Amino acid sequence: MLPQRGANLSSSAADDLRSEQAYLTTLYGRLDGLREQADRRLKTILLEAGGTPQGRTQREATRAHYAEQLAQMNAVENGLCFGRLDFAAGEPRYIGRLGLSAERHDRDPLLVDWRAPAARSFYLATAVSPDGVTRRRHLRTRGRVLTGIDDEMLDIEAAEPGGREDVTGEAALLSALTASRTGRMRDIVETIQAEQDEVIRAGLNGIMVVQGGPGTGKTAVALHRAAYLLYTYRAQLTKQGVLILGPNPTFLRYISQVLPSLAETGVLLATLGDMFPGVRARAVESPPAAAVKGRLGMLDVLRKAVADWQSVPDDYVEVDHDGYPLRIERAVLEDARAAARKSGRPHNVARQIFVTEAIHALSLQIAERIGADPLGGDNLLSEADLAETRRELREDIDVQQALFDFWPVLTPRRVLRELLSDPVRLASAAGDLPPEDSALLLRPRDARWTPADVPLLDELAELLGVDDTLRKRQAAVERREAIEYAEGVLEIVEGSRSLDFEDEKDFEKDEVLSAADVVDASAFVERHEVLDTRTAAERAAADRTWVFGHVIVDEAQELSPMAWRLLMRRCPSRSMTVVGDVAQTSELAGTTGWEQVFEPYVAQRWNLVELTVNYRTPAEVMAVAADVLAAVDPALQPPRSVRSAGVAPWALRVPRAALPAEITAAVRLESAEVGEGRVGVLVPEALEPELGKHLVETVPGAAVGEQPDLLNQVVLMTVRQAKGLEFDAVIVVEPDEIIAESPRGLSDLYVAVTRATQRLGVLHTADLPKVLTALAP
């Protein structure tokens, strides 16, 4: 796209600014009016109470609708309108974060939502294919004030030389790219490029894999795609919800403002460690241990671990029943166990079969003892007698405890905790694993949960199941009690009514309705049942079995096969957007090819889209990264950078003893260069404690740790913690140690050097790795 500036496109830039500011003021006036209207209606609804169950449900839906409208209108306060399209024929069309209708419905909308089909030309029109557009105007605002205009004439003859054919809105794009980082990701709604737009507006069905190198905007595209899908398929996705899975909590905080700025607030942001309700898996474990847990071989280990809880005695177990010793033979429990396993039901559900079979066998044993005919005939106990015996056995605490010991009710957390902390259980269940892998799994019983544990817990939940017979029975009892209570209330009301009128004349002739005439006890209970007012995202976070309408996975190359099993259960429709870069895979259980991930689930029925343009990383930095990428895989091609920063990446060798002080000096220098921007210091994991402590002591406000706050100007972190993040300046420390820390150390280094949007430096105490020898001293 070849840009042409506004001064050449209008008689007066000042007149343009005044005209556009007037229109912007009109838009905000309409927004304020709609916001006031929605607020007034919401307050009216909140004052209402009572009603039928159907009325309450409808009222709650209306309340949620106006609450969502208010949240959307508040979210777009900044940057409400950012663009305008002029056409060869017809009125100009303004593009913004939200659609605004005119007060008269027969008129064109005041503002077109960027996701609407009518707005698409803003992102796709070019001089070669203008789609009827003669001019694209970018509006720069601060709050409600217009601060600047950038115009593009989509006219080949009028176009100026020097523009880029693969970039639209070049001035606005470069302004956004060179702006200082703030510690929170910005949306790219004003500068979406054509190849990104194709991904964002793709249909809902199927799995789309978005492969792209550093800086291609994969994460931003995924987030804008979520906003687009919610706009286009709102009725479906509002009920089912959209899940966005990120690599770590720092990343989720980093992207947390993007969707609200796009007027969408109902999406669940989570990490793998959040995907089992009641467990917040944040502990760190060794990469080899996480890799073992991530392999599909753990399926057999988990199945065997559950089976090991289904035990039988060596010979028999004796319990006291009704004053007599009762022997529970091994053979009885073996038969009961076989029947339960044959059913194919999950462990906790199949337990009912185990108990029923065992009780039946024990009742026959008792019948043989007390009902035998002394003359040698048939047993004297009737079927009714046997049923009563079985009832007594079920109610016998000692019998129930004995059966519970051999087939207990289990939870996923108990099974996994015992498996990973008990050498005997682990040896039994993991017999097919290599000894070195089994050794990696063993840990103390009080160890905290790690993200790699969550897919195992989820798998165990499937293997164990939930026997909700007692819960349903209890719910029925509670409802029956509530109805009986309501009947009592209505009787009291009816009795009071009779007393009130007993002295009035002609009472029998008057027809006065009572509460019992209007509502029965069952309806009375329904009216007082508590409605679930949580959003789909809130309910999904608390429900392991929730099925999402769409799932978006960022840094997807890091997920293990076991983690993919969890996600496929959450999305049986296979409606997914998967973004990642196989060249950046750090986790040992991650993937180096998308085919091996998806073929087990959808065979060849998935779509691969590649993003090839690097918007974030300047050409000088990408030239260094290209050498690292070639060492990772010579067949991989780096993305093409759209800009240069004008600053050569540097390297500095320092004595080991001086390394902490040199990091502080480099941080101060880079902070001065980037002004209000952000500086990231990426270090080997082994050096994080030492170097982090020194940096915090010498640089006020520096953030260090497992979950640093990116709002701080200076952040020291490991490369794995920096996944998906970006900084104005990046200082990579001891690159040779970063490479040596993992079998995929070169991929880690590739991630490290591509986090910079402006400046890159390397501090080292040993010789530079060969892949970085191009750095300027």
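So that you can map any letter, position 130 of the sequence shown is 1349 in this note's numbering, and since no number is skipped, the others follow by simple counting. All residues carry an ideal CB built from backbone N, CA and C; glycine is no exception. Note that the structure is a prediction, hence the values are computed from the model and not measured.
Closest residue to residue i among the options (Cα-Cα distance)
| i | options | result |
| --- | --- | --- |
| Tyr1969 | Pro1433, Leu1423, Tyr1242 | Pro1433 |
| Thr1810 | Gly1899, Ala1233, Ala1782, Ile1950 | Ala1782 |
| Glu1310 | Glu1296, Leu1979, Pro1868, Arg1326 | Arg1326 |
| Ile1547 | Ala1510, Gln1620, Leu1481 | Gln1620 |
| Val1418 | Thr1410, Glu1774, Tyr1447 | Tyr1447 |
| Leu1243 | Ala1959, Ala1290, Ile1368 | Ile1368 |
| Ser1794 | Glu1806, Gln1776, Phe1817 | Phe1817 |
| Val1386 | Val1843, Leu1343, Thr1366 | Leu1343 |
| Ala1649 | Val1531, Gln1776, Lys1512 | Lys1512 |
| Cys1790 | Gly1542, Gly1425, Trp1869 | Gly1425 |
| Ala1550 | Tyr1543, Asp1534, Arg1560, Lys1561 | Asp1534 |
| Gln1584 | His1540, Arg1514, Pro1631 | His1540 |
| Arg1282 | Leu1266, Ala1421, Arg1560, Ala1294 | Leu1266 |
| Leu1661 | Asp1677, Val1643, Leu1676, Pro1674 | Val1643 |
| Ala1880 | Leu1914, Pro1627, Arg1939 | Leu1914 |
| Arg1763 | Leu1481, Pro1674, Asp1665, Asp1332 | Pro1674 |
| Ala1542 | Leu1612, Ala1569, Asp1493, Trp1528 | Reading off the sequence, residue 1542 comes out as Gly, not Ala. For Gly1542, the nearest C-alpha among the options comes from Leu1612. |
| Thr1360 | Gly1315, Pro1988, Leu1994 | Gly1315 |
| Trp1668 | Arg1588, His1769, Val1347, Val1498 | Val1498 |
| Gly1896 | Ala1993, Asp1234, Ser1399, Asp1967 | Ser1399 |
| Pro1466 | Tyr1450, Pro1627, Ile1711, Gly1492 | Gly1492 |
Residue(s) in a DSSP beta bridge with residue i
| i | result |
| --- | --- |
| Asn1833 | Ser1860 |
| Ile1368 | Leu1358 |
| Val1418 | Paired residues: none, contrary to the question. |
| Gly1931 | At residue 1931 the sequence reads Asn, which differs from the Gly that was named. BP columns for Asn1931 are empty, so no partner. |
| His1463 | Correcting the residue identity first, residue 1463 is Ile in this sequence and not His. Answer is Leu1488, Ile1771, bridged to Ile1463. |
| Thr1937 | Val1902 |
| Glu1537 | Arg1546 |
| Gly1980 | Trp1869, Ile1950 |
| Ala1995 | Trp1869 |
| Ala1559 | Paired residue(s): none; Ala1559 is not in a bridge. |
| Val1923 | Leu1935 |
| Val1352 | Phe1306 |
| Ala1975 | Phe1946 |
Between the CA atoms of residue j and residue i - distance to the nearest angstrom
| i | j | result |
| --- | --- | --- |
| Phe1341 | Tyr1452 | 22 Å |
| Leu1319 | Leu1246 | 8 Å |
| Gly1248 | Gln1273 | 37 Å |
| Ala1226 | Ala1232 | Note on Ala1226: pLDDT 38, under 50, position unreliable in the model; no value is reported. |
| Arg1312 | Ala1321 | 13 Å |
| Leu1521 | Ala1671 | 14 Å |
| Val1525 | Val1538 | 26 Å |
| Thr1410 | Gly1388 | 6 Å |
| Glu1806 | Ala1510 | 7 Å |
| Lys1523 | Glu1553 | 17 Å |
| Ala1413 | Val1440 | 11 Å |
| Ile1882 | Ile1474 | 28 Å |
| Glu1379 | Trp1765 | Caution applies to Glu1379, whose pLDDT of 48 falls short of 50 and renders its modelled position unreliable; the model cannot decide the point. |
| Glu1255 | Leu1935 | 45 Å |
| Glu1916 | Leu1471 | 28 Å |
| Val1933 | Asp1665 | 35 Å |
| Ala1995 | Glu1287 | 53 Å |
| Leu1442 | Arg1260 | 31 Å |
| Leu1515 | Arg1875 | 43 Å |
| Leu1629 | Leu1683 | 7 Å |
| Gly1812 | Ala1993 | 29 Å |
Any chain C beta carbon closer than 9 Å to residue i
| i | result |
| --- | --- |
| Ile1702 | Absent from the structure is chain C; it holds one protein chain and no more. |
Problem set entry | Residue ranges of each beta strand (DSSP E) within the segment 1575 to 1658, 3 or longer | Counting whole runs of 3 or more residues, the segment 1575 to 1658 contains no beta strand (DSSP E) stretch at all.
For this session: Spell out a yes or no on whether the segment 1346 to 1365 and the segment 1301 to 1312 are touching, meaning 3 or more CB-CB pairs, one atom from each, closer than 8 Å.
Result: In short, these stretches touch, since the Cβ pair count reaches three.
Exercise. How do the segment 1818 to 1834 and the segment 1429 to 1445 stand: do at least 3 beta-carbon pairs fall below 8 Å, yes or no?
Worked result: yes
Exercise. Any chance the segment 1455 to 1466 sits against the segment 1636 to 1649, with 3 or more Cβ pairs inside 8 Å?
Worked result: no
For this session: Take every Cβ of the segment 1882 to 1893, pair it with every Cβ of the segment 1849 to 1861, and state whether three or more of those distances are shorter than 8 Å.
Result: no
Problem set entry | beta strand (DSSP E) segments (min. 3 residues) lying fully within the segment 1281 to 1341 | Whole beta strand (DSSP E) segments, 3+ residues: 1300 to 1306, 1312 to 1315.
Exercise. Counting Cβ pairs, one atom from each stretch, are 3 or more of them under 8 Å apart for the segment 1565 to 1578 and the segment 1500 to 1508?
Worked result: no
Problem set entry | the segment 1944 to 1951 touching the segment 1966 to 1983, judged by at least three CB pairs closer than 8 Å | yes
Problem set entry | Uninterrupted alpha helix (DSSP H) stretches inside the segment 1789 to 1835 (no shorter than 4 residues) | 1813 to 1821
Problem set entry | Continuous alpha helix (DSSP H) assignments of at least 4 residues falling wholly in the segment 1424 to 1460 | 1437 to 1451, 1453 to 1459
Exercise. When the Cβ atoms of the segment 1895 to 1908 are set against those of the segment 1923 to 1943, are three or more pairs found closer than 8 Å?
Worked result: yes
Exercise. Any chance the segment 1477 to 1495 sits against the segment 1754 to 1761, with 3 or more Cβ pairs inside 8 Å?
Worked result: Touching, yes, given that three or more Cβ pairs across the two stretches are closer than 8 Å.
Exercise. Are the segment 1391 to 1410 and the segment 1772 to 1780 touching, with three or more C-beta to C-beta distances below 8 Å?
Worked result: With a cut-off of 8 Å, the segment 1772 to 1780 and the segment 1391 to 1410 do not count as touching, because too few Cβ pairs lie within range.
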